[in-house]
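First the structure, in the form of structure tokens, and then the observations on it.
Residue numbers (our numbering): 2 to 150.
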């Protein structure tokens, strides 16, 4: 959200008005949730809202203004809630080191990069290509969703 090139000393509020599915896709992309985690999320009700607030360490979180019960009602797992509670005190860049459940979900199935002879296997190259395609698809989808009426 630092793309607006504003004075960091000024307060900035951004309101996104959206349908339930688009808001879930946005949150999935922002918080780097897996497809499985996304599928457990519930759509927001009519006139329901979620607040994301920037923590002191530079990470946004839903846990600043919402209770564990709120987040459980939205379909968030205990791990997702723990991550949201950690974010306000986290320092930028520390997320990947403390979030193995996210990384393992994407890369756990990948074969080792080298086969017995020390060369990359054809299957590994195919899997990396698939990950790049899927990542690009999600980015395109989120970009399309941002254009609303």
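Cβ coordinates follow ideal geometry from the N, Cα and C atoms, glycine included.
Separation of the CB atoms of residue 55 and residue 21 is rounded to 24 Å, and the pair is thereby denied contact status at 8 Å. The C-beta distance from residue 58 to residue 90 rounds to 6 Å, short enough to meet the 8 Å contact threshold. Burial check for residue 84: the Cβ neighbour count within 10 Å reaches 16 or more, so the residue is buried.
Residue 42 is not a Cβ neighbour of residue 87, given a cutoff of 8 Å. If the five residues before and after residue 73 are omitted, its C-beta is found closer than 8 Å to the C-beta atoms of 82, all from its own chain and listed in chain order.
In the three-state DSSP reduction, residue 54 falls in the strand class (E or B).
Rounded to whole angstroms, the separation of the alpha carbons of residue 53 and residue 66 is 8 Å.
Shown here for residue 50: not one same chain residue has a beta carbon closer than 7 Å to its own, the five before and five after excluded. Here residue 24 carries a helix assignment [DSSP, helix/strand/coil].
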